[in-house]
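Everything on this sheet refers to the single structure shown next.
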Amino acid sequence: MFLRAWRSADTFDAGRGSLRAWLFAIARNLVVDHTRRRAVRPVQPVDAERLAVLAGGDGGFDEATMTAWTVEEALRRLSEEHRVALVETYLRGRPYGEVSAELGVPVGTVRSRVFYGLKALRLVLDEMGVQL
385 MFLRAWRSAD TFDAGRGSLR AWLFAIARNL VVDHTRRRAV RPVQPVDAER
435 LAVLAGGDGG FDEATMTAWT VEEALRRLSE EHRVALVETY LRGRPYGEVS
485 AELGVPVGTV RSRVFYGLKA LRLVLDEMGV QL
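Start counting the sequence shown at 385; every next residue gets the next number (our numbering).
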């Protein structure tokens, strides 16, 4: 909502109403747009059997598959620098020096990206409702 308000800030006219009313109108329009979008493309319920076949399982998901999907989604929400640092050091087990040479940045930068990437990953997982 705030992005839409920022982009259309030049349309605000204090003579026509208050800032609060203008922001409420933007919020209302977003809700209407979202509702209309959902009506045109309704969400289809997931067929559990089809999903299991796509996952290659025997009708059920194991914990490792669900964890992998969750971590993959959480990593997608991180910045590119943090994601690369975490994947290369934690998931692939490569040393910091090797990763820093490949990326062309100092070792301290890779360590910093890993540190802040882990903090961001914890925050993303918390937002996703994952209990650590």
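C-beta atoms are modelled at their ideal positions from N, C-alpha and C, and glycine is treated no differently.
Could you give the first and the last residue of the continuous alpha helix (DSSP H) run that contains residue i?
i	result
Y500	V491 to E511
A448	E447 to R460
L470	E464 to L470
G481	Y480 to L487
A389	F386 to R391
Beta-carbon within less than 7 Å of residue i's beta-carbon, same chain only, minus the 5 sequence neighbours each way: which residues are those?
i	result
H466	R497, Y500, G501 and A504
P490	S484
Y480	T473, V491, V494 and R495
R400	none
Can you tell me which of the options puts its alpha carbon nearest to the alpha carbon of residue i?
i	options	result
V494	E464, Q515 and G513	E464
W390	G488, D417, G399 and A411	A411
A458	L507, G399 and S392	L507
G488	R476, A393 and V468	V468
L387	G399, L414 and R400	L414
Can you name, in chain order, every residue of its own chain whose Cβ lies under 8 Å from the Cβ of residue i, other than the five neighbours on each side?
i	result
F396	L403 and W406
T454	L509, M512 and V514
F408	none
Y474	V498
L462	L470, G501, A504, L505 and V508
Using a Cβ-based criterion (distance less than 6 Å to any ligand heavy atom), does residue i qualify as near the ligand FAD?
i	result
D510	Among the components modelled here there is no ligand, and therefore nothing to report on the ligand FAD.
For residue i, decide whether its Cβ has a neighbour in chain C, counting only Cβ atoms nearer than 7 Å.
i	result
A504	Going by chain labels, chain C is absent from the structure shown, which holds only one protein chain.
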